[in-house]
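Quick note, the sequences are listed as chains A and B, same order. Just so we're aligned, residue 0 is where the first sequence starts under numbering that gives the first Met the number 0, counting upward by one. Just so we're aligned, residue 0 is where the second sequence starts under numbering that gives the first Met the number 0, counting upward by one.
2 protein chains.
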Amino acid sequence: MTEHPAARTMPARTAYHHGDLRAQMIAAVRDLVETHGPDGFSVAEAARRAGVSSAAPYKHFRDRAEILRGVVGEAMDRLRAAMEAGAATYPAGSVEAVAAVGLAYVSFARAEPGVFRLTFGLTEGHGNDADLRAKGEDDFGVVVRCAAACLGLPPDDPHVQACAYMLWSFVHGHSFLTIDNKRSVASTRIDDWTYLMTVSRAILGQANRG
Amino acid sequence: MTEHPAARTMPARTAYHHGDLRAQMIAAVRDLVETHGPDGFSVAEAARRAGVSSAAPYKHFRDRAEILRGVVGEAMDRLRAAMEAGAATYPAGSVEAVAAVGLAYVSFARAEPGVFRLTFGLTEGHGNDADLRAKGEDDFGVVVRCAAACLGLPPDDPHVQACAYMLWSFVHGHSFLTIDNKRSVASTRIDDWTYLMTVSRAILGQANRG
DNA sequence: CCCTAGAAGTAAGAGTTGCTAACTTTACCC
DNA sequence: GGGTAAAGTTAGCAACTCTTACTTCTAGGG
Chain A
0 MTEHPAARTM PARTAYHHGD LRAQMIAAVR DLVETHGPDG FSVAEAARRA
50 GVSSAAPYKH FRDRAEILRG VVGEAMDRLR AAMEAGAATY PAGSVEAVAA
100 VGLAYVSFAR AEPGVFRLTF GLTEGHGNDA DLRAKGEDDF GVVVRCAAAC
150 LGLPPDDPHV QACAYMLWSF VHGHSFLTID NKRSVASTRI DDWTYLMTVS
200 RAILGQANRG
Chain B
0 MTEHPAARTM PARTAYHHGD LRAQMIAAVR DLVETHGPDG FSVAEAARRA
50 GVSSAAPYKH FRDRAEILRG VVGEAMDRLR AAMEAGAATY PAGSVEAVAA
100 VGLAYVSFAR AEPGVFRLTF GLTEGHGNDA DLRAKGEDDF GVVVRCAAAC
150 LGLPPDDPHV QACAYMLWSF VHGHSFLTID NKRSVASTRI DDWTYLMTVS
200 RAILGQANRG
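So, in structure tokens, the structure goes:
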């Protein structure tokens, strides 16, 4: 799916065995993370699934952590795409568009809890990675733009930034509690959409109507 | 600190070498998790730090996961204590008390990001653990009671539950984004206390003044 | 068309880890 | 004191990460 830097230096698709082990490794790891949890994967097992020796991946990744970074980067791309798609289903500037972005976020977490947890949980090694940081800002940018459109303010307005951050932490927390099953602790069964609409309205309205 | 079940079956403090390897293991793992990240610990290294052979821990824990569960359980106890202490610094029923609970939560995450991440991130193996589940409900109970007092409603009121859940997901998300350094993505530098007060007021006020 | 550089793979191995099995040491209780 | 059981030890297996040295395939220039 995503085009990787390696595609530049490589004739793409015409190599020793696969020609595209990097992408296949990422896919395999994504699968493993999803089925066995974020730490329940091994590069050995992923290599096995890709049909190569356990040393082969090290021609494409420096170490285990870099493989994870690859998975996370790809996930962040997909998350952003999902958020943008969500926003696009409602008129720009509407509260619904904001809520839809949140729904896309939560849906992603629910659909791929392992990858989601990995993406936001394993920031030990790759927290300083410039590439991932940029992707993170891109993701946040979607929220910011929606909030800005809704509030009728420029995206760099401090109020917009504050609102976007609030929305993000809300949705992020909700996502985590959902996949951690902590949600059932509260005796209420809240519908995602109405929940997100309520929250979005509360946060955005607060600045608007004041 | 915390009294463990093992203390019952054991003469406590008068054994082979330590008499309390279980607690020392938990402490060692907590340290390792804090310094090397949630997956950057090994039971071998923890045992080494405790001054015992790498097989010794298995007399007290079934496996690696159970050690983690021990650390998480202890952390949840401390988190609850911190939240209760926070609430107690303001008059019962005040919005400040609610915000203080949130501040305790965020402070805990900031002080022990590794343990915090472990507590809420590693729900793969021990998500079904009854003990941890109970502790999680206890933690949530603090929020519920504060919200109930603030709203002047019984704790089992659906509205209280919904508000408490909202508050929790908000604070939870904020905590995670904070320790993930995602916070600096937003160009605003928000003070924790005013942030939490704003949020608490918004969520609780919404039902109150309507 | 060959031949060479280098990318992409393999096999073998060092070192660490999780966990088990079998044994030993210690403390308590009668 | 002797028996019992908890709490520790050593030894060892299988698996994993990552390295080194070797092989194989492909692309591209002369």
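Even glycine gets a Cβ: it sits at the ideal position worked out from N, Cα and C. The model shown is predicted, which means the values in this text are computed figures rather than measured ones.
Q.
I believe residue 141 of chain A touches residue 166 of chain A by the beta-carbon criterion, under 8 Å. Please report the beta-carbon distance rounded to the nearest angstrom.
A. 11 Å between Cβ atoms; not a contact.
Q | Short-range partners of chain A found in the stretch 159-170 of chain B, where Cβ spacing is below 8 Å | A | Going along the stretch 159-170 of chain B in chain order, one finds 160, 161, 163, 164, 165, 167, 168, 169, 170 with a Cβ nearer than 8 Å to chain A.
Q. So which residues on chain A does residue 116 of chain B lean against when the C-beta distance must stay under 8 Å?
A. What residue 116 of chain B touches in chain A: 120.
Q.
Below 8 Å on the Cβ atoms is my contact criterion, and I expect residue 68 of chain A with residue 131 of chain A to pass it. Report the Cβ-Cβ distance as a whole number of Å.
A. 6 Å
Q. Which whole-angstrom value is the C-beta distance of residue 105 of chain A and residue 177 of chain A, which I expect to be below 8 Å?
A. 7 Å
Q. Mapping DSSP to helix, strand and coil, what is residue 189 of chain B?
A. coil
Q: Let me know if residue 112 of chain A comes out buried or exposed under the rule of 16 or more other beta-carbons within 10 Å of its beta-carbon.
A: buried
Q | Complete alpha helix (DSSP H) runs within the stretch 118-148 of chain A (minimum length 4 residues, chain order) | A | 122-125
Q. Measuring CB to CB, does residue 86 of chain A end up less than 8 Å from residue 99 of chain A?
A. yes
Q.
Rounded to the nearest angstrom, what separates residue 171 of chain A and residue 84 of chain A at their Cα positions?
A. 18 Å
Q | Buried/exposed call for residue 34 of chain A, threshold 16 Cβ in 10 Å | A | exposed
Q: For residue 101 of chain A, I'd like the list of residues in its chain whose CB is within less than 6 Å of its CB, leaving aside the five on either flank, ordered along the chain.
A: Cβ-Cβ distances below 6 Å link residue 101 of chain A to 170, 195 in the same chain, with the five nearest sequence neighbours on each side left out; the list follows chain order.
Q) Hey, residue 45 of chain B and residue 24 of chain B are a contact pair by Cβ (cut 8 Å); roughly how many whole angstroms apart? A) At roughly 6 Å, the Cβ-Cβ gap stays under 8 Å, so residue 45 of chain B and residue 24 of chain B are in contact.
Q | Burial state of residue 88 of chain B, where buried means 16 or more other Cβ atoms lie within 10 Å | A | Here residue 88 of chain B is exposed, its C-beta having fewer than 16 other C-beta atoms within 10 Å.
Q: Using the Cα positions of residue 90 of chain A and residue 138 of chain A, report the straight-line distance between them to the nearest angstrom.
A: Between the alpha carbons of residue 90 of chain A and residue 138 of chain A lies a distance of about 20 Å.
Q | Sequence-distant residues of the same chain with beta carbon closer than 8 Å to residue 66 of chain A, five excluded per side | A | 24, 25, 28, 42, 45, 56, 60
Q. Mind pulling the chain B residues with CB within less than 7 Å of residue 213 of chain A?
A. Any answer about residue 213 of chain A is impossible in this case: the structure gives chain A only from 0 up to 209.
Q. Are there 16 or more other CB atoms within 10 angstroms of the CB of residue 32 of chain B, so buried, or fewer, so exposed?
A. buried
Q. Within 8 Å (strictly less), CB to CB, does residue 176 of chain B reach chain A?
A. yes
Q | Residues that residue 173 of chain B contacts on chain A, provided the C-beta gap is smaller than 8 Å | A | 168, 172
Q) How should residue 199 of chain A be labelled, buried or exposed, when 16 other C-beta atoms within 10 angstroms of its C-beta is the threshold for buried? A) buried
**Q.** chain B contact residues for residue 189 of chain A, given Cβ-Cβ distances below 8 Å
**A.** Within 8 Å Cβ-Cβ: 161, 164.
Q: Answer yes or no: do residue 103 of chain A and residue 82 of chain A have a C-beta to C-beta separation smaller than 8 Å?
A: yes
(Q) Can you give me the C-alpha to C-alpha distance between residue 39 of chain B and residue 204 of chain B, rounded to a whole angstrom? (A) Going by the C-alpha atoms only, they are around 43 Å apart.
**Q.** DSSP-derived helix/strand/coil call for residue 231 of chain B
**A.** Residue 231 of chain B falls outside the range modelled here, since chain B spans only 0 to 209, and no answer is possible.
Q) At which residues does the alpha helix (DSSP H) containing residue 32 of chain A begin and terminate? A) Residue 32 of chain A -> alpha helix (DSSP H) spans 20-35.
**Q.** Proximity below 8 Å, CB of residue 135 of chain A to CB of residue 116 of chain B
**A.** In this structure, residue 116 of chain B does not lie closer than 8 Å to residue 135 of chain A by Cβ.
Q | Buried/exposed call for residue 110 of chain B, threshold 16 Cβ in 10 Å | A | By the neighbour-count rule (16 or more Cβ atoms within 10 Å), residue 110 of chain B is not buried but exposed.
(Q) Give me the residue from B:118, B:71, B:114, B:148 with the minimum Cα distance to residue 93 of chain B. (A) For the residues B:118, B:71, B:114, B:148, the minimum Cα distance to residue 93 of chain B belongs to B:148.
Q) Do residue 163 of chain B and residue 80 of chain A have their CB atoms nearer than 8 Å? A) no
**Q.** Coarse secondary structure for residue 204 of chain B, derived from DSSP in three states
**A.** helix
Q: Would you kindly work out how many angstroms separate the C-alpha atoms of residue 215 of chain B and residue 49 of chain B, rounded to a whole number?
A: Given that chain B is displayed from residue 0 to residue 209, the structure contains no residue 215 of chain B and the question cannot be resolved.
Q. In angstroms, rounded to a whole number, what distance separates the CA positions of residue 182 of chain A and residue 114 of chain B?
A. 21 Å
(Q) Could you check whether the Cβ of residue 5 of chain A sits closer than 8 Å to any Cβ belonging to chain B? (A) Because residue 5 of chain A carries a pLDDT of 37, less than 50, the predicted location of this residue cannot be relied on, and no value is offered for it.
Q.
Can you check which of these residues, B:189, B:97, B:96, B:78, is closest to residue 160 of chain A by C-alpha distance?
A. B:189
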